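Worksheet for the structure shown next.
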Amino acid sequence: MELVNFVIKVSDVTQRFRVVQERPDTVRELFSKFFRHQSKVHDFEAVKNVSFEVSRGEMVGILGHNGSGKSTLLKIISGVYKPTVGKVEVNGTIAPLLELGAGFHPELTGRENITLNGLLLGYSKREIRSREEKIIEFADIGDFIDAPVKQYSSGMYTRLAFAVATEVNPDILVMDEILAVGDVQFQQKCFDRLQRFRELGKTILLVTHSPEQVLEYCDRCLVMDRGQLVFDGEPRGGVERYTGGDARGNDMTVLSAAVQI
């Protein structure tokens, strides 16, 4: 039997999107232009030929300016996107914290969303119930736990999402700027928990714009630039690459009209 030394393996991954450069006024106009080949469409590679491995127990910070492909890469690893080209292997349970409120139903209460998120992560109702009070205690949002989450502030969303993801004890935690909206005291509380995760041999991927977080907490740094992995090594070297102007990103707001292919 082959011994597997990684928990995440990304092999020659490319993620390609189809970008529509003009927005038709009606669905009828859209189909008319499509079948007449009049639409201005081109392919965009958000991630290009990326390969790396992550070992058990590593905390890896991913830096890169807006549009560099960081978030797309995390979505591929988390299974939100299937890569256009290449392969991703994940050994262990994974808890993704990719977007504020992702996985929450706005009409359900915080308490009900704890159950929903736990079920989505593969846990039974009994397991979720046994952890519910610890989740509520860590989130510390008071009576709002029984209010619909559509009434929550961004900080409340963050508190509850982080509490759920870290209390259900995944093997791999994937975070995309989720702590950027929290207050300083709560951020420190989160990083204290992440440190305990590391001591238990858990693996953490953290996308951030904060070089300070990478230097203080991470074992390793990846730097993305225009969809490519341009640095993979120790945190200080990654931060220097990121802050030195070599890892400039492009504005990818055009991808709001993109279709994965």
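Heads up, the sequence shown is in the numbering used here, so the first residue is 7 and it goes up one at a time. For glycine and all other residues, C-beta sits at the position ideal for the given N, C-alpha and C. Computed from a predicted model, the values in this text were never measured in an experiment.
The Cβ-Cβ distance between Val-180 and Gly-92 does not fall below 9 Å. Its chain contains Leu-69, Gly-70, Val-236, Phe-237, Gly-244, Arg-247, Tyr-248 and Ala-253 as the residues whose beta carbon lies nearer than 7 Å to that of Val-229, once the 5 sequence neighbours on both sides are disregarded; these appear in chain order. The residue among Thr-121, Asp-225 and Val-213 with its C-alpha nearest the C-alpha of Asn-72 is Val-213. The C-alpha of Gly-148 is placed about 32 Å away from the C-alpha of Val-86. Residue Gly-75 holds the alpha-carbon nearest to the alpha-carbon of His-215 among Gly-75, Leu-200 and Ile-151. In the DSSP assignment, Gln-234 falls outside any alpha helix (DSSP H) and lies within the beta strand (DSSP E) extending over 234-239. Taking the CA atoms as reference points, Leu-114 sits about 19 Å from Arg-137. Secondary structure note for Gly-116: its alpha helix (DSSP H) is the uninterrupted segment 116-126.
Per the DSSP secondary-structure output, Gly-244 pairs with nothing in a beta bridge. The continuous alpha helix (DSSP H) containing Pro-217 extends over residues 217-223.
Annotated three-state conformation of Ala-52 is strand, per DSSP.
Take Ala-169, set aside five residues on each side of it, and the residues of its chain with a beta-carbon closer than 6 Å to its own are Ile-141, Phe-144 and Ala-145, in chain order. Annotation for Leu-200: no beta strand (DSSP E) segment contains it, though the alpha helix (DSSP H) segment containing it runs 190-205. Between Gly-67 and Cys-224, the gap from beta carbon to beta carbon is short of 9 Å. Per DSSP, Ile-147 lies in no alpha helix (DSSP H) segment and is marked neither H nor E. When DSSP states are grouped into helix, strand and coil, Arg-226 belongs to the strand group. No residue range can be given for Lys-208, since it is assigned to no alpha helix (DSSP H) and is classified by DSSP as neither H nor E. Counting the other Cβ atoms within 10 Å of the Cβ of Glu-222 gives fewer than 16, which makes it exposed. The Cβ atoms of Asn-97 and Val-174 do not sit closer than 9 Å to each other.
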